[in-house]
Each structure stands twice: as structure tokens, then as C-alpha cells.
Amino acid sequence: MCIFCKIVKGEIPNKTILEDENFLAFEDINPQAKIHILIIPKTHVDNFDLIAPKLMGEMTAFIQKVASKVGVKNDGYRLVTNIGKNGAQEVNHIHFHLLGGEQLGSIL
Ligand code: 5GP
Ligand code: ZN
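For the sequence shown, the positions run 663 to 770 when our numbering is used.
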């Protein structure tokens, strides 16, 4: 079982920000910004390329709720999802990084 599935099952502890029946948002263990949250579906999907559009739509609404809860709506934030080898994805359970709480540098 992948490490994020273990987090969903409670076998690995996490600092939960928001949770509902289908999704979980928790603090990244190695934060790259003042706010760095990982957002995942509770069901295992390898990456963005494989997620069903319906589930992605529901996840979009959940991510927006997370942004509200952590107070980054006004000042803005960054969402990142890495896909596969060339995308440097390390954990093969789809996750969005929500980064914010400070001025981020341009990456593109
Ligand atoms: P990726 O490179 O796959 O997009 O990012 C994986 C992220 O998962 C990294 O930012 C890493 O810090 C985070 N991470 C890896 N293992 C754990 C863990 O056990 N708990 C938490 N909270 N984050 C983790
Ligand atoms: Zn998984």
C-alpha cells in the first residue's frame, strides 16, 4: 500500500487541515513555503493523468475549501501536481501541493 493510502487509513500520522468523505488535506512533512498542504483523494489514483474527470471536479471544490480554510484566498497561492518520472513525482498517489502564506518566486 502506498504511503498516502496509509495516511488515509491512519497508519501514518498526519496533521489534518480538512477532511470529508472523499478527500484529505494535510501538512507536507517537508514544507517548501509558510503554508504547504497536500490534498489527496482517499481512493488511490496514481496521478493527474489517470483521475476521472468527475472525481477531479469534486476535488477542485475541496481544494477551494482548503484555500478558504487556511486564509490564502485574498493574497493568492500556488497549486502544483507532479506527474510521473519527468514531472519528478515521488509519491505515486495523486496529490496537489497548495503553497502560500508568503510571496512565492516565479517558476515559469
Ligand atoms: P511529489 O514530489 O511526489 O510531488 O511530492 C511528495 C511530497 O510528499 C513531498 O513534498 C514530501 O515532502 C511529502 N511527503 C512524503 N512523505 C510524507 C509523509 O509521510 N507525510 C507527509 N505529511 N508528507 C510526506
Ligand atoms: Zn495510495
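Just so you know, even glycine gets a beta-carbon here, dropped at the ideal spot from N, CA and C.
The structure presented is a predicted model; accordingly, all values stated were derived computationally and were not measured.
query                                                                                                                                                            : result
Relative to the C-alpha of residue 728, which candidate in 673, 667, 697 has its C-alpha closest?                                                                : 697
Check whether the stretch 673 to 686 touches the stretch 740 to 755, taking contact to mean three or more Cβ pairs, one atom from each stretch, closer than 8 Å. : no
Could you tell me how far apart the beta carbons of residue 739 and residue 761 are, in whole angstroms, since I believe they sit closer than 8 Å?               : 6 Å
With a threshold of 7 Å (Cβ to nearest heavy atom), would residue 698 be considered close to the ligand ZN?                                                      : no
By DSSP's criteria, residue 678 is part of a beta bridge. Which residues make up the other side?                                                                 : 688
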